[in-house]
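Numbering (the working numbering), first residue to last: 108 to 361.
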């Protein structure tokens with residue numbers, strides 16, 4: 108015996124359209140019409156919330172612009188007010204050129220006041236040029252050159268400390284490295300000239316000795332002027348400088 112279940116009444120909205128109804132076979136009754144579900148506007152029912160485009164009101168003409176100049180610059184600033192890149196890096200090209208000219212003349216004494224302000228930009232340029240000329244000769248000496256200059260600067264600084272008894276005047280390790288590097292300019296010229304000289308002859312040894320004496324003379328004068336009590340030991344200073352630049356000349360010859 109089948110059990111009857113109570114069915115709740117269905118209320119239809121007359122304002123919504125109804126679908127076509129077909130009679131249920133065997134009973135003659137038509138099924139209820141269901142209205143199609145209305146699309147929900149809530150964010151929970153919207154599977155793609157990022158697809159909703161809400162266009163706001165247009166900005167007024169009185170609103171300030173987003174960018175008033177280049178990125179990272181305030182109002183009223185421009186690229187003309189920025190200092191040059193070399194000046195920001197602490198590279199004074201005019202001073203480097205004046206120091207180079209003071210050493211370039213072999214018969215004129217270099218002005219010690221120019222080298223009182225030490226820098227490493229010019230020495231690095233000279234050492235790089237020396238290594239490039241050696242590379243043209245088939246020798247890869249970049250690391251050797253940098254290492255020898257560092258050791259030579261420490262050697263001269265130690266010699267001055269021993270001779271002066273701690274009274275080094277204006278000569279410190281940084282200024283000593285700068286002087287040794289700037290006095291490498293005759294060695295750079297010798298490295299370039301050696302490309303056109305025959306190897307193994309006496310000519311290249313004579314030319315190399317002339318450039319060694321040039322570097323020794325300039326470096327000795329600058330070191331003696333910048334260090335206190337340098338004139339008392341000028342001969343020992345010259346011998347130490349001669350040993351340093353003789354090593355670089357042998358690096359070029361051999």
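Glycine included, every Cβ here is placed at the ideal spot set by N, Cα and C. Being a predicted model, the structure only gives us computed values, none of them experimental.
Under DSSP, the alpha helix (DSSP H) around residue 348 begins and ends at which residues?
341 to 360
Residue nearest to residue 214 in terms of C-alpha spacing, selected from 225, 279, 346, 317:
317
What residue ranges within the stretch 237 to 298 form continuous alpha helix (DSSP H) runs of no fewer than 4 residues, ordered along the chain?
249 to 271, 280 to 289
Assign residue 306 to one of three DSSP states: helix, strand, or coil.
coil
Just curious, the alpha helix (DSSP H) that residue 211 is in, first and last residue?
200 to 211
Is the separation between the beta-carbon of residue 237 and that of residue 298 shorter than 7 Å?
yes
Would you call the stretch 317 to 326 in contact with the stretch 341 to 361, where contact means no fewer than 3 C-beta pairs closer than 8 Å?
yes
Note down the Cα distance separating residue 210 from residue 324, rounded to an integer number of angstroms.
10 Å
Suppose the cutoff is 6 Å on Cβ atoms and the five residues either side in sequence are ignored; what does the same chain contact list for residue 332 look like?
219
Specify the secondary structure class of residue 301 as computed by DSSP and reduced to three states.
helix
Excluding sequence positions up to five away, which residues of its chain have a Cβ less than 6 Å from the Cβ of residue 260?
283, 284, 287
Chain-order list of residues whose beta-carbon lies under 7 Å from that of residue 94 (same chain, five-residue window excluded)
Any answer about residue 94 is impossible in this case: the structure gives the chain only from 108 up to 361.
Flag this pair as yes or no: are the beta carbons of residue 263 and residue 347 separated by less than 7 Å?
yes
Decide if residue 338 is buried, meaning its Cβ has at least 16 other Cβ atoms within 10 Å, or exposed.
exposed
With 7 Å set as the bound, which would you pick, yes or no: does the beta-carbon of residue 202 sit closer than that to a beta-carbon of chain C?
Protein chain content of the structure displayed is limited to a single chain, and chain C is not contained in it.
Top-ranked residue by Cα proximity to residue 268, from 193, 330, 359
330
Distance check for residue 307 and residue 344, CA to CA, integer angstroms please.
31 Å
For a test of the three-state rule: what should DSSP assign to residue 227, helix, strand or coil?
coil
Whole-angstrom Cβ separation of residue 200 and residue 193, contact assumed at under 8 Å?
6 Å
Taking residue 248 as the reference, give the member of 295, 310, 197 with the closest Cα.
295
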